[in-house]
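2 protein chains.
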Amino acid sequence: MTAAARSSSSVVTPHRRRGAALEDAILEAAFAELSEVGYTSFTVESVAARARTGKASIYRRWPTKQDLVLDALCQLPTPEQCGLEPVLDESMTTFDVLREVAHAISRVLLSPAGDAMRSVKCEAAADPELARAIDERFQAPRRAFLLALLRRGVERGEVRPEAVNPLIADVLPAVLTHRVILQREPVTEADIIDIVEQIVIPLISA
Amino acid sequence: MTAAARSSSSVVTPHRRRGAALEDAILEAAFAELSEVGYTSFTVESVAARARTGKASIYRRWPTKQDLVLDALCQLPTPEQCGLEPVLDESMTTFDVLREVAHAISRVLLSPAGDAMRSVKCEAAADPELARAIDERFQAPRRAFLLALLRRGVERGEVRPEAVNPLIADVLPAVLTHRVILQREPVTEADIIDIVEQIVIPLISA
DNA sequence: TCAAATAGGGAACGCATGCGTCTATAAAAC
DNA sequence: GTTTTATAGACGCATGCGTTCCCTATTTGA
Numbered sequence: 001m002t003a004a005a006r007s008s009s010s011v012v013t014p015h016r017r018r019g020a021a022l023e024d025a026i027l028e029a030a031f032a033e034l035s036e037v038g039y040t041s042f043t044v045e046s047v048a049a050r051a052r053t054g055k056a057s058i059y060r061r062w063p064t065k066q067d068l069v070l071d072a073l074c075q076l077p078t079p080e081q082c083g084l085e086p087v088l089d090e091s092m093t094t095f096d097v098l099r100e101v102a103h104a105i106s107r108v109l110l111s112p113a114g115d116a117m118r119s120v121k122c123e124a125a126a127d128p129e130l131a132r133a134i135d136e137r138f139q140a141p142r143r144a145f146l147l148a149l150l151r152r153g154v155e156r157g158e159v160r161p162e163a164v165n166p167l168i169a170d171v172l173p174a175v176l177t178h179r180v181i182l183q184r185e186p187v188t189e190a191d192i193i194d195i196v197e198q199i200v201i202p203l204i205s206a
Numbered sequence: 207m208t209a210a211a212r213s214s215s216s217v218v219t220p221h222r223r224r225g226a227a228l229e230d231a232i233l234e235a236a237f238a239e240l241s242e243v244g245y246t247s248f249t250v251e252s253v254a255a256r257a258r259t260g261k262a263s264i265y266r267r268w269p270t271k272q273d274l275v276l277d278a279l280c281q282l283p284t285p286e287q288c289g290l291e292p293v294l295d296e297s298m299t300t301f302d303v304l305r306e307v308a309h310a311i312s313r314v315l316l317s318p319a320g321d322a323m324r325s326v327k328c329e330a331a332a333d334p335e336l337a338r339a340i341d342e343r344f345q346a347p348r349r350a351f352l353l354a355l356l357r358r359g360v361e362r363g364e365v366r367p368e369a370v371n372p373l374i375a376d377v378l379p380a381v382l383t384h385r386v387i388l389q390r391e392p393v394t395e396a397d398i399i400d401i402v403e404q405i406v407i408p409l410i411s412a
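Those protein sequence lines, which keep their order, are chains A and B. Quick note: the first sequence, position 61, residue 61 per the working numbering, numbers continuous. In short: position in the second sequence from 1, add 206, done, that's the working numbering.
Structure below.
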């Protein structure tokens, strides 16, 4: 009965997904929900509906909603995936790289991923374990990269040695996330350039 | 008259509060709840229990939970109440004042009020109306003050003229709230001094 | 090729939480 | 003494987690 209806209508709808295909669909749906409605309004039911599956299939894979969220977050691009790692070739100045970094960060913050990040970061403010997971996966690598960039800048004579410290490495992310996450102010390309030119570069220049 | 009535009738315990006294007790309880459990776990029932009253008394005054939260937030000290306004006398340099400002901001962020602020700011990230209310009451005055301070610094020859812009005025709050609210890192007195000396002052010095 | 094993789809359920209302009683104000 | 208001708790309602059940699709391997 449904079989007949289904096989005839399933030209459009792919058949029942299983295994990894279904898992990916669930994670993708979870991430989309996170982006659109935020952590607070995120429900397992919505994720199931969006992925066109049942809650049971979700709970077969993730014991709790929290675990699902954490895994869904891994859909976010890591710093490396943002192309931050490979830019350290000789031809670029520290300031060139900084502009790239600022673009990379704000590209993420301004995309749907930014909304997901915002809601999860806010939830993390009240959830130490979530906070630790996010820091480990996203922030620690970014901090390390920026410090390495500053150190490289010192070697090239572009950055003053005292600028190599976590305090200063955190200024760019702090200003960007403060604006985008806490203030909800849109950040334009022009803003990014301003931030780098007027704040970061004066701060570190030799 | 209330004083007389109260001192006579409430030698042991004022058994049943009314009017303003009750209202204050509710707001205080609401603020304490906000600080301790955060916006997400904030419930009207807890507030009633903490204020030793019933929900009806709360709903007689505030139509919804949100309204109660907004009013409770007003228990937070305004920038003026932090003593920011009157420090603009001749004897202090811009940098002296900046250190005072940094202390004032972090004093708030490190107190229970900081936890309340954190949870509400995070909620505000998903609630434009709440965000607007907070910005109007707390952030706009602070921004205005910092800009005025920078302008005064230019007149005194301590600050370079190009530093007078919102971008730069926002660096101190951005770095502080990024650390305290988003990163959950404790901020010590030493950190505050570092932030002012290594970031803000170099950025604005003439 | 076909049956047995495995896994997905869909929906109902129990349970807990919390909002906002409502009622009954008790205390304060006038 | 009458009116207003506080206290205390029950109530209805909605939401959403995590479980369970039954049925059906897909895979596997004999």
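Glycine included, every Cβ here is placed at the ideal spot set by N, Cα and C. Just so we're clear, the structure is a prediction, and the values are computed from it rather than from any experiment.
Within chain B, the residues that residue i reaches when beta carbons sit closer than 8 Å
{"i": "Gln198(A)", "result": "Glu368, Asn371, Leu373, Ile374"}
{"i": "Cys74(A)", "result": "The premise fails here: Cys74(A) is roughly 20 Å from chain B at the closest Cβ pair, so nothing lies under 8 Å."}
{"i": "Ile105(A)", "result": "Chain B residues near Ile105(A): none, gap ~13 Å exceeds 8 Å."}
{"i": "Val97(A)", "result": "The contacting residues do not exist; Val97(A) stays about 20 Å from chain B at best."}
Where residue i sits in the DSSP three-state scheme
{"i": "Val159(A)", "result": "strand"}
{"i": "Ser205(A)", "result": "strand"}
{"i": "Ser317(B)", "result": "coil"}
{"i": "Leu282(B)", "result": "coil"}
{"i": "Pro334(B)", "result": "helix"}
{"i": "Met298(B)", "result": "coil"}
{"i": "His221(B)", "result": "coil"}
{"i": "Pro379(B)", "result": "helix"}
{"i": "Gln389(B)", "result": "coil"}
{"i": "Arg60(A)", "result": "coil"}
{"i": "Glu403(B)", "result": "helix"}
Distance between residue j and residue i (C-alpha atoms, nearest Å)
{"i": "Val250(B)", "j": "Ala396(B)", "result": "39 Å"}
{"i": "Arg256(B)", "j": "Arg324(B)", "result": "21 Å"}
{"i": "Arg184(A)", "j": "His221(B)", "result": "46 Å"}
{"i": "Val47(A)", "j": "Lys65(A)", "result": "10 Å"}
{"i": "Ala102(A)", "j": "Ala30(A)", "result": "27 Å"}
{"i": "Pro392(B)", "j": "Gly19(A)", "result": "44 Å"}
{"i": "Ala210(B)", "j": "Arg223(B)", "result": "Confidence in Ala210(B) is poor, its pLDDT being 36 and thus under 50, which makes the residue's placement too unreliable to answer from."}
{"i": "Ile105(A)", "j": "Glu234(B)", "result": "40 Å"}
{"i": "Ala163(A)", "j": "Ala206(A)", "result": "9 Å"}
{"i": "Val154(A)", "j": "Ile204(A)", "result": "9 Å"}
{"i": "Ala330(B)", "j": "Glu90(A)", "result": "44 Å"}
{"i": "Glu364(B)", "j": "Ser41(A)", "result": "49 Å"}
{"i": "Asn371(B)", "j": "Leu353(B)", "result": "7 Å"}
{"i": "Ala380(B)", "j": "Val175(A)", "result": "5 Å"}
{"i": "Arg348(B)", "j": "Asp194(A)", "result": "22 Å"}
{"i": "Arg107(A)", "j": "Leu172(A)", "result": "14 Å"}
{"i": "Asp273(B)", "j": "Arg267(B)", "result": "9 Å"}
{"i": "Ile398(B)", "j": "Leu315(B)", "result": "12 Å"}
{"i": "Val217(B)", "j": "Tyr39(A)", "result": "The pLDDT assigned to Val217(B) is 38, lower than 50, so where the model puts this residue is not dependable, and the model offers no usable value."}
{"i": "Arg305(B)", "j": "Val402(B)", "result": "7 Å"}
Continuous alpha helix (DSSP H) stretch holding residue i: start and end
{"i": "Asp277(B)", "result": "271–279"}
{"i": "Asp194(A)", "result": "189–194"}
{"i": "Pro372(B)", "result": "372–375"}
{"i": "Ile232(B)", "result": "225–247"}
{"i": "Ala257(B)", "result": "Premise fails: Ala257(B) is in no alpha helix (DSSP H) and is neither H nor E."}
Within chain B, the residues that residue i reaches when beta carbons sit closer than 7 Å
{"i": "Pro202(A)", "result": "Leu409"}
{"i": "Ala174(A)", "result": "Ala380, Val381, His384"}
{"i": "Val159(A)", "result": "Under the 7 Å cutoff, chain B gives no residues; its nearest Cβ is about 13 Å from Val159(A)."}
{"i": "Val47(A)", "result": "What Val47(A) touches in chain B: nothing, since even the nearest Cβ is about 18 Å away."}
{"i": "Ile192(A)", "result": "Within 7 Å Cβ-Cβ: nothing; Ile192(A) doesn't reach chain B, min ~11 Å."}
Under 9 Å by beta carbon: chain B residues contacting residue i
{"i": "Ile195(A)", "result": "Leu373"}
Residue i: contacting residues in chain A (beta-carbon distance under 8 Å)
{"i": "Ser202(B)", "result": "Outside the displayed span of chain B (207 to 412) sits residue 202(B), for which this structure offers no information."}
{"i": "Val250(B)", "result": "Those do not exist, as Val250(B) stays about 17 Å from chain A at its closest Cβ, beyond 8 Å."}
{"i": "Ile387(B)", "result": "Ala125, Leu182"}
Cross-chain neighbours of residue i in chain A, by beta carbon under 7 Å
{"i": "Thr246(B)", "result": "Thr40, Ala126"}
{"i": "Arg390(B)", "result": "Ala125, Ala131"}
Neighbouring residues, chain A, relative to residue i (Cβ below 9 Å)
{"i": "Ile264(B)", "result": "The premise fails here: Ile264(B) is roughly 22 Å from chain A at the closest Cβ pair, so nothing lies under 9 Å."}
**the stretch 111–118 of chain A in contact with the stretch 173–187 of chain A per 3-pair CB rule at 8 Å** = yes
**Message:** Under 8 Å: do the stretch 131–140 of chain A and the stretch 225–236 of chain B share three or more Cβ pairs, one atom per stretch?
**Reply:** no
**Message:** Check whether the stretch 293–304 of chain B and the stretch 257–276 of chain B are in contact - that is, three or more C-beta pairs closer than 8 Å.
**Reply:** no
**Prompt:** Are at least three pairs of beta-carbons, each pair with one atom in the stretch 193–203 of chain A and one in the stretch 343–360 of chain B, less than 8 Å apart?
**Reply:** no
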